[in-house]
Amino acid sequence: METNDISVFVLQNSVIEWARDHRVHHKFSETDADPHNAKRGFFFAHVGWLLCRKHPEVKSKGKGIDMSDLHADPLLDFQDRYYLMVMPLLCFILPTIAPMYLWNETFLNAFCVNIFRYCFTLHITWLVNSAAHLYGQKPYDKYINPAENLTVAILALGEGWHNYHHTFPWDYKTSELGKYSVNFSAAFIDFFAKIGWAYELKTVPEEMIQKRVLRTGDGTHEVWGWGDKDQPIEDYNEAIITHKKQY
124 METNDISVFV LQNSVIEWAR DHRVHHKFSE TDADPHNAKR GFFFAHVGWL
174 LCRKHPEVKS KGKGIDMSDL HADPLLDFQD RYYLMVMPLL CFILPTIAPM
224 YLWNETFLNA FCVNIFRYCF TLHITWLVNS AAHLYGQKPY DKYINPAENL
274 TVAILALGEG WHNYHHTFPW DYKTSELGKY SVNFSAAFID FFAKIGWAYE
324 LKTVPEEMIQ KRVLRTGDGT HEVWGWGDKD QPIEDYNEAI ITHKKQY
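Here my numbering = 1-based position in the sequence shown + 123.
And the structure:
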């Protein structure tokens, strides 16, 4: 799931514009072409990139990203065209009016709570770009910045399993095996897949994950029993040696 379905509710630009930045971020991760390059520090990756002009490389590389698939979707194309009109209604007006009408809230209370909701959601989202790119384990690829961050995964409804997401960016779950306890986004998509509203979901074969973990992981992966007290560390080391000889 690459597009940000709630972008209109938290003023994060249209789905198409958000997806373009996300695709550039993945293709040129941690370089000057990355819109929120984490190598420039926590603050820049978190919010600083929105407070300054984009690096020339971001603009240059962004122009070469193919967005035709999203523009072909009439709903997404409509939202992109009329974003500046739709966004204020869904992000600020309706969330303020609804509590006043349904629960007799005062305007001040409804407005302030909505602003808090808006700011809180933004910072949770930004943690995926900052904390999840700087802190955590790297069971799939220890050579990249993105990491598995449980705290971010909980706060961002499953978007904190970032080492997996950057290693296998085409997996709709953005994590292995769903991890529904801390991946509500994957559970949400799976629910709609069961009723036919979500389809052609891409995922990664377990064999491919295992090979990648053995080849580039940092040794923290546990799915195949690694770290089990009944399985000596020598078995893990032998598995790595055997894998390297085979590949």
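C-beta: ideal position from N, C-alpha, C; glycine also. Just so you know, these numbers come straight off a predicted model, no measurement behind them.
For residue j and residue i, the rounded distance between their alpha carbons
i, j, result
"residue 149", "residue 232", "40 Å"
"residue 217", "residue 181", "34 Å"
"residue 185", "residue 238", "31 Å"
"residue 144", "residue 306", "23 Å"
"residue 142", "residue 279", "17 Å"
"residue 179", "residue 156", "8 Å"
"residue 334", "residue 314", "30 Å"
"residue 317", "residue 158", "35 Å"
"residue 147", "residue 209", "25 Å"
"residue 183", "residue 176", "13 Å"
"residue 273", "residue 285", "10 Å"
"residue 325", "residue 191", "19 Å"
Top-ranked residue by Cα proximity to residue i, from the options
i, options, result
"residue 269", "144, 136, 152", "152"
"residue 240", "317, 282, 325, 219", "219"
"residue 256", "334, 178, 160", "160"
"residue 170", "238, 311, 242, 320", "242"
"residue 136", "199, 309, 162, 186", "199"
"residue 248", "261, 343, 172, 275", "275"
"residue 262", "343, 168, 309", "343"
"residue 258", "236, 154, 211, 283", "283"
Residue j beta carbon less than 9 Å from that of residue i
i, j, result
"residue 193", "residue 267", "no"
"residue 293", "residue 251", "no"
"residue 246", "residue 264", "no"
"residue 253", "residue 168", "yes"
"residue 332", "residue 299", "yes"
"residue 287", "residue 312", "no"
Buried versus exposed call for residue i [16 or more other C-beta atoms within 10 Å across all chains shown]
i, result
"residue 323", "exposed"
"residue 189", "exposed"
"residue 291", "buried"
"residue 226", "exposed"
"residue 281", "buried"
"residue 320", "exposed"
"residue 271", "buried"
"residue 207", "exposed"
Residue i - partner residues in DSSP beta bridges
i, result
"residue 260", "271"
"residue 249", "In the DSSP output, where bridge partners are listed per residue, residue 249 has none listed."
"residue 284", "271"
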